[in-house]
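Asker: When you read off a place in the sequence shown, starting at 1, and then add 1, the result is the number in the working numbering.
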Amino acid sequence: MAKIGFIGTGIMGHPMAMNLQKAGHSLFLSQHHDPAPADLLAGGAVALANPKEVAQEAEFIIVMVPDTPQVDDVLFRADGVAAGVGTGKVVIDMSSISPTATKAFAARINEKGAQYLDAPVSGGEVGAKAATLSIMVGGDSGAFERALPLFQAMGKNITLVGGNGDGQTAKVANQIIVALNIQAVAEALLFAAKNGADPAKVREALMGGFASSKILEVHGERMIKGTFDPGFRISLHQKDLNLALQGAKELNINLPNTANAQQVFSTCAAIGGSNWDHSALIKGLEHMANFSIRDK
2 MAKIGFIGTG IMGHPMAMNL QKAGHSLFLS QHHDPAPADL LAGGAVALAN PKEVAQEAEF
62 IIVMVPDTPQ VDDVLFRADG VAAGVGTGKV VIDMSSISPT ATKAFAARIN EKGAQYLDAP
122 VSGGEVGAKA ATLSIMVGGD SGAFERALPL FQAMGKNITL VGGNGDGQTA KVANQIIVAL
182 NIQAVAEALL FAAKNGADPA KVREALMGGF ASSKILEVHG ERMIKGTFDP GFRISLHQKD
242 LNLALQGAKE LNINLPNTAN AQQVFSTCAA IGGSNWDHSA LIKGLEHMAN FSIRDK
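(1) Give me the DSSP bridge partner(s) of Lys4.
(2) Put Arg234 into one of helix, strand or coil per three-state DSSP.
(3) List in chain order: all unbroken alpha helix (DSSP H) runs of 4+ residues lying wholly within the stretch 181–253.
(4) Quick check: Leu217 and Arg204, are their CB atoms within less than 8 Å of each other?
(5) In this structure, how does DSSP classify Phe292 when only helix, strand and coil are distinguished?
(6) If you draw a straight line from the alpha carbon of Pro249 to that of Leu256, how long is it in whole angstroms?
(7) DSSP has Leu286 in a bridge; who is on the other side?
(8) Output the boundary residues of the alpha helix (DSSP H) element that contains Ile136.
(9) Tell me the rounded alpha-carbon separation between Ser142 and Leu161.
(10) Using a 10 Å radius around the Cβ and a threshold of 16 neighbouring Cβ atoms, would you call Arg295 buried or exposed?
(11) Closer than 8 Å, CB to CB, is Pro16 near chain C or not?
(12) Report the rounded CA-to-CA distance for Glu279 versus Met224, giving the unit in angstroms.
(13) Just list the alpha helix (DSSP H) runs in the stretch 75–123, keeping only unbroken ones of 4 residues or longer that don't cross its boundaries, in chain order.
(14) Tell me whether Thr228 is buried or exposed, calling it buried when 16 or more other Cβ atoms sit within 10 Å of its Cβ.
(15) Put Asp278 into one of helix, strand or coil per three-state DSSP.
(16) Below 8 Å between beta carbons: does that hold for Ile63 and Ile5?
(17) For Ala187, collect the residues of the same chain with a Cβ closer than 7 Å to its Cβ; drop the 5 residues on either side in sequence, then sort them by chain order.
(18) In angstroms, rounded to a whole number, what distance separates the CA positions of Glu58 and Ala46?
(19) Inspect the beta-carbon positions of Val72 and Ala115 and report whether they are closer than 8 Å.
(20) Measuring CA to CA, which of Ala171, Thr133, Lys172, Asn182 is closest to Gln153?
(21) Strictly by DSSP, which residues pair up with Phe61?
(22) Rounded to whole angstroms, what's the CA-CA distance from Ser97 to Gln169? Just pull it up for me.
(23) Is the separation between the beta-carbon of Gly81 and that of Asp119 shorter than 8 Å?
(24) Take Ala144 as the anchor and find which of Thr69, Ala174, Gly163 has the nearest alpha-carbon.
(25) How would you label Gly221, buried or exposed, when you count the other beta carbons within 10 angstroms and need 16 or more for buried?
(26) Exposed or buried, which one is Thr259 when buried takes at least 16 other CB atoms within 10 Å?
(27) Within its chain, find whatever has a CB closer than 7 Å to the CB of Thr69; leave out the 5 residues flanking it on each side and keep chain order.
(28) Mind checking which residues open and close the alpha helix (DSSP H) that includes Leu42?
(29) Which same chain residues, not among the five before or five after Arg234, have their C-beta less than 6 Å away from its C-beta?
(30) Rounded to whole angstroms, how far is the Cβ of Val52 from the Cβ of Ile8, which I believe are closer than 8 Å?
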């Protein structure tokens with residue numbers, strides 16, 4: 002069993018860390034930002050003062066925080082991970098951040114003698130709790146093989162995509178697809194309800210045809226019931242689409258539908274929905290239509 006440092010025990014990180022603990026691994030947690038969760042401590046996790054101490058104790062150091070600046074801070078602050086790593090250690094960033102920044106972070110960690118994997122995930126809170134996350138990995142194949150038992154304790158579909166940054170690129174691509182599928186389901190249900198049809202029955206009918214999808218199954222139900230507790234917050238999906246649109250600018254390509262989905266998310270944010278689940282994209286469309294599919 003491995004000695005694992007886990008930094009970032011929020012909505013996603015907490016159940017991921019719990020699954021590692023259930024698999025028999027030893028956990029070391031940093032309290033530089035928030036107190037360590039009581040249930041992880043009760044299960045044997047050790048709370049330490051900062052990421053440096055975590056990196057000194059652990060063989061693998063997993064980072065699961067919201068965005069690029071937070072990863073930068075955890076890794077390279079004065080008492081950060083980079084100050085505690087060395088030969089034989091593997092740093093695994095499972096956050097969803099900039100592919101370009103990831104390559105720079107990896108180079109700096111490699112200079113310390115450690116190895117670096119970017120391993121963002123898809124599957125949301127449900128997948129994190131059920132240990133069924135899809136994990137997209139970029140980095141050295143040897144480091145990947147060493148870390149594979151850890152990934153298998155947290156997910157099911159685990160793919161070494163390529164070198165450092167390629168895992169993050171795959172995640173950005175994933176978030177494009179998810180956003181556009183959410184928007185497609187939201188537009189379809191709004192169209193149906195405004196036309197007088199029962200959106201729940203329309204969803205039921207579509208689940209048996211070619212339009213069926215996980216988004217229609219899970220998020221379509223959330224849209225109909227109005228259950229928009231995250232989940233995956235709109236603000237985080239906006240962050241991921243910003244990465245996509247910034248990358249598109251750097252690559253001189255156009256992602257028109259991604260840009261449109263981002264605008265609808267921005268409408269949600271403007272009416273107070275930054276912390277809603279991303280299935281609440283439909284509320285942005287409803288706001289513009291002055292009509293709710295949940296009105297009787």
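Beta carbons are placed, not taken as given, at the ideal position from N, Cα and C, and that holds for glycine. Small disclaimer: the values here were computed from a predicted structure and weren't measured.
Answerer: Taking the geometry as given:
(1) Ser27
(2) In this structure, DSSP gives Arg234 an extended state, which the three-state scheme calls strand.
(3) 200–207, 221–226, 235–252
(4) yes
(5) coil
(6) It should be noted that the sequence gives Ala, not Pro, for residue 249. Going from the Cα of Ala249 to the Cα of Leu256 covers about 7 Å.
(7) Leu286 is not bridged to any residue.
(8) Premise fails: Ile136 lies in the beta strand (DSSP E), 134–140, not in any alpha helix (DSSP H).
(9) Near 8 Å, if we compare the C-alpha coordinates of Leu161 and Ser142.
(10) By the 16-neighbour rule on beta-carbons within 10 angstroms, Arg295 is exposed.
(11) The structure shown contains no chain C; it holds only a single protein chain.
(12) In the sequence as displayed, the identity of residue 279 is His instead of Glu. Roughly 10 Å separates the two Cα atoms.
(13) 100–111
(14) Sixteen is the threshold: since fewer than 16 other Cβ atoms of the shown chains lie within 10 Å of the Cβ of Thr228, the residue is exposed.
(15) strand
(16) yes
(17) Met224, Leu282, Ile283, Leu286
(18) 12 Å
(19) no
(20) Thr133
(21) Ile5, Val91
(22) 6 Å
(23) In this structure, Asp119 does not lie closer than 8 Å to Gly81 by Cβ.
(24) Cα-wise, what sits closest to Ala144 is Gly163.
(25) buried
(26) buried
(27) Ile98, Ser99, Ala102
(28) 39–43
(29) Hits under 6 Å: Asn276.
(30) Per the sequence shown, the amino acid found at residue 52 is Pro instead of Val. That pair is a contact at about 6 Å.
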